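**Student:** I'd like to ask you about the structure that follows.
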Amino acid sequence: MATGERGPLTARLARMTVPTDRHDKLGKLQASGVPTYPAGMSLPGRELIQDLLARADPGAPEGDRAVATIAGRVASVRDHGNSLFLDIKDDSGRLQAFVRKKTLGEAAFVLLKETLDLGDFVACRGELARTRMGEATVFTESLELLSKSTLAPPSEWYGLADVETRLRKRYADLIANPESFERFRARSAIVRDARHFMEERGFMEVETPMLHGIAGGAAAKPFRTHHNTLHMDLSLRIAPELYLKRLLVGGYERVFEIGRNFRNEGLSPRHNPEFSMLEAYWAYARMDDWIEACETLVADLAVAHGCHQRAVEATAEDETPAPELLESHLVVRGDRVIDYSRPFARRTYAELIQEYAGADVFDESSVLQAAEKHGVATGGRGVYKIVDDLFGTCVEPQLVNPTFVTHLPIALSPLSKASAEDPRVAERFELIVDGMELANAFSELNDPEDQRERFEAQVAERDPELPAEVDEDYIEALRYGMPPAAGIGIGIDRLVMLLTGADSIRDVILFPLLRARARDGEEAGDEESPSAEPRKDAHLKSEG
RNA sequence: GGGGGUGUAACUCAGUCGGUAGAGUAACGGCCUUUUAAGCCGUGAGCCGUGGGUUCGAGUCCCACCGCCCCCA
3 MATGERGPLT ARLARMTVPT DRHDKLGKLQ ASGVPTYPAG MSLPGRELIQ
53 DLLARADPGA PEGDRAVATI AGRVASVRDH GNSLFLDIKD DSGRLQAFVR
103 KKTLGEAAFV LLKETLDLGD FVACRGELAR TRMGEATVFT ESLELLSKST
153 LAPPSEWYGL ADVETRLRKR YADLIANPES FERFRARSAI VRDARHFMEE
203 RGFMEVETPM LHGIAGGAAA KPFRTHHNTL HMDLSLRIAP ELYLKRLLVG
253 GYERVFEIGR NFRNEGLSPR HNPEFSMLEA YWAYARMDDW IEACETLVAD
303 LAVAHGCHQR AVEATAEDET PAPELLESHL VVRGDRVIDY SRPFARRTYA
353 ELIQEYAGAD VFDESSVLQA AEKHGVATGG RGVYKIVDDL FGTCVEPQLV
403 NPTFVTHLPI ALSPLSKASA EDPRVAERFE LIVDGMELAN AFSELNDPED
453 QRERFEAQVA ERDPELPAEV DEDYIEALRY GMPPAAGIGI GIDRLVMLLT
503 GADSIRDVIL FPLLRARARD GEEAGDEESP SAEPRKDAHL KSEG
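At the far end of the first sequence sits residue 546, using our numbering, and the numbering has no gaps.
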């Protein structure tokens, strides 16, 4: 907004496309000396609706009633001529306010009726009591305009259904769709609980760079950028892994980071170019320790937060959720009911490939044959890539209940230790839930020479999804000695999807990346940057 | 990149065989002393995604483009 702009409010708003009727109301309010966006506002005694209802009994007898001040958005108005019923909605809930001409005074009441709109923010002060119909209500003695709304909010009754509007104007989605509002609350609570879980187990939260010279720690195309003063090409991180492990070298034994990773790849219902991970490293631990910790974390979160989804499903069928349902390990997602009871299933990678793809992971001809049969591309690619595709096509979609997939091929695991029993497989697991990879963990490779060889093999592949050069600094760090350790990455967005029943990652990211919309009166795509970074600005937006 | 779907009022949606652009909600004007999807009477509201084509006539049929959704590569 043009905050520096001066001049009468109505004149400023007239230059914008304010609907005429709401524009007239602004003038009316100004003429009456009522500030539409008052400064220096203080609301002594203002309570959240939820707190008020917990503190005071609306059914208290006359003379014993609480006086309350509530503030929020006008969500509904029922006009009865000489009185109004308003629904006031705040962060915590919704409460009715009753406003009478007799109480408020003729002039104030008339002005209110002439100017009040859905979406306005107001404060109401008065006694909390019940109406004849038994509805808890603030019998308003004074009402104050806190902020005027000049655009009509989306219909509360029908909600906001248009997917594009919901994503581009998330605020409108949050106003109109309570399930969306609650879902992002659930996300916050899930992250908070996950953080608490890690802290309780003695892990220290750290922040590592998002700007990397060499984007390593995963196989993905990075977003590229440039630092002007240092004349450095940089990438947004695709994973924090190599920095977190440098901290193990430095002597911290348990570290974790919750944060954003960036991968310059396609969008899908389960992929957003920026997404959140919880990544943790644990010295002197092995893969099995993470199986225990991960299982505990996910199962506990499912009981604690899946209850929201169970309640949603129950209410959809007009049933009151039974108490045992709210404490269960069952969480609904679409037409699946996912059972998070411990222990989760444990299967080996080779076993699953055999069962669902009919191939022997360690036999090339068997893999090629299966690829042919299942329509997986083979041309000019390493066997392990084909196996990986077979797993994604044939196995992953079949695993609905949480399943630890262990003994992944070492060729797919360039940063993990090989198993002591079988050098062909890594000491590694992936946790698959409802066909999605939710977590990935392994015993960390700490042999600098072995690591160098694997990096060099990656560079030799000349794959745009793999680093183009060896991260010498990381190798050097390993030379100083890294304790034996195991690490894990847990996809936060997917975790929230699973526990809230969301179908798309966009339903759990407040502001997902969307194609830039051509502005009116401009030729779209005409003089757009011809470079390979068409959406650079969407990511590198500076606050400065 | 390929295929399918979709785009109509602020919101949710109808729109038949190609023949004057519709409803509910919201808004606006009335009536109404406790309603709750308040009610009743009345009014206004549209670049039918954009551009082209076929036709006497296009929201509707055809082509291209744009956005969004889904599937596939």
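Where is the CB? At the ideal position from N, CA and C, for every residue including glycine. The structure displayed is predicted, hence computed values, not measured ones.
Could you tell me which residues DSSP puts in a beta bridge with S85?
**Tutor:** Beta-bridge analysis with DSSP links S85 to R102.
**Student:** Among the residues of its own chain, which have a CB less than 6 Å from the CB of G95, if the five just before and after it don't count?
**Tutor:** I51, Q52
**Student:** Output needed for A470: all residues of its chain with C-beta closer than 7 Å, excluding positions within five of it in sequence on either side, in chain order.
**Tutor:** V461
**Student:** Going by the beta-carbon positions, is the gap between P416 and R456 smaller than 9 Å?
**Tutor:** yes
**Student:** Could you tell me whether the Cβ atoms of D465 and A221 are closer together than 9 Å?
**Tutor:** yes
**Student:** Please state whether the Cβ-Cβ distance between R548 and G121 is less than 9 Å.
**Tutor:** For residue 548 there is no data in the structure shown, the boundaries of the chain being 3 and 546.
**Student:** Could you check whether E116 and K30 sit closer than 9 Å to each other, using their CB atoms as the reference points?
**Tutor:** yes
**Student:** List the residues that DSSP assigns as beta-bridge partners of L147.
**Tutor:** V124
**Student:** Looking only at C-alpha atoms, which of A282, A41, R102, G252 sits nearest to E259?
**Tutor:** A282
**Student:** In this structure, what does DSSP give as the bridge partners for Y351?
**Tutor:** In DSSP, Y351 forms no bridge with anything.
**Student:** Could you give the distance in angstroms between the alpha-carbon of E398 and the alpha-carbon of V165?
**Tutor:** 28 Å
**Student:** Once DSSP output is grouped into helix, strand and coil, what is the label at H198?
**Tutor:** helix
**Student:** For my contact list, T105 and E143 are in at a C-beta cut-off of 8 Å; report their separation, rounded to the angstrom.
**Tutor:** With 8 Å as the limit, T105 and E143 qualify as a contact, their Cβ atoms being about 6 Å apart.
**Student:** Looking at R265: is its Cβ nearer than 9 Å to the Cβ of M499?
**Tutor:** no
**Student:** According to the Cβ coordinates, are R256 and M206 closer than 9 Å?
**Tutor:** yes
**Student:** For Y476, report the span of its alpha helix (DSSP H) as first-last.
**Tutor:** 474-481
**Student:** So which of V36, A188, A479, G161 has the shortest CA-CA distance to A504?
**Tutor:** A188
**Student:** Tell me the DSSP secondary structure of G74 in three-state form.
**Tutor:** strand
**Student:** List, from N- to C-terminal side, the beta strand (DSSP E) runs of 3 residues or more that fit wholly inside the region 281-343.
**Tutor:** 332-335, 338-341
**Student:** Three Cβ pairs or more, each shorter than 8 Å: is that satisfied between the region 504-519 and the region 179-194?
**Tutor:** yes
**Student:** Under the rule that 16 or more other beta-carbon atoms within 10 Å means buried, what is V112, buried or exposed?
**Tutor:** By the 10 Å Cβ count, V112 comes out exposed.
**Student:** According to DSSP, what are the bridge partners of A420?
**Tutor:** A428
**Student:** How long is the line joining the alpha carbons of M438 and Y245, rounded to whole angstroms?
**Tutor:** The alpha-carbon atoms of M438 and Y245 are separated by roughly 26 Å.
**Student:** Please confirm whether A196 and L497 have their CB atoms less than 9 Å apart.
**Tutor:** Yes, the pair counts as a contact, with Cβ atoms nearer than the cut-off.
**Student:** How many Å lie between A488 and I293 at the Cα?
**Tutor:** 11 Å
**Student:** Since A70 contacts V124 with CB under 8 Å, what's their CB separation in whole angstroms?
**Tutor:** With a Cβ gap of about 14 Å, A70 and V124 do not count as contacting.
**Student:** For V510, which three-state DSSP category applies?
**Tutor:** The answer is coil: DSSP assigns V510 none of H, G, I, E or B.
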